[in-house]
Amino acid sequence: MLSFTARRSVVRASFIRNFSSARIAMTEGAINETGDKFAEKERAQENLYIKKHEAEQLKKLRERLQQQKETLDQLEKDITESQNKNQS
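Just so you know, we're using this note's numbering here: the sequence shown kicks off at 1418 and counts up by one.
Encoded structure:
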């Protein structure tokens, strides 16, 4: 029993990650550090792609919102008609 517990604690100790408060410096790579035109062009293309992608997502969300509003309006209309029928 004791040997099992000892082995188990050793195994657990080997899986425990050490905590480090040091920050890892994120660089853009050796090529981009030089600030050449290729890196600027690549960065601009990535930004353009992201902007287009976000615009597409926003358009889809707006379309979905419009559909939900139309559905809500139809349901409110149905409720009003149903209430009018019940009162008559």
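Virtual Cβ for every residue (Gly too), placed ideally from N, Cα, C.
Computed from a predicted structure; not experimentally measured.
Checklist entry - In chain order, which continuous runs of the alpha helix (DSSP H) of length 4 or greater are located wholly inside the region 1454-1500? => result none
Item to check | Residues near Ile1467 by beta carbon distance below 6 angstroms, same chain, minus five either side | outcome: Position 50 of the sequence shown, counting from 1, holds the residue named residue 1467. Excluding residues within five positions, none has a Cβ falling inside 6 angstroms.
Item to check | Straight-line gap, Ala1456 to Leu1492 (C-alpha atoms, nearest Å) | outcome: Counting from one through the sequence shown, the residue named residue 1456 turns up at place 39. Counting from one through the sequence shown, the residue named residue 1492 turns up at place 75. When rounded, the distance between both Cα atoms is 54 angstroms.
Checklist entry - From Arg1479 to Glu1471, what distance separates their C-alpha atoms? => result Your numbering for residue 1479 matches position 62 in the sequence shown. Your numbering for residue 1471 matches position 54 in the sequence shown. Rounded to the nearest angstrom, the two C-alpha atoms are 12 angstroms apart.
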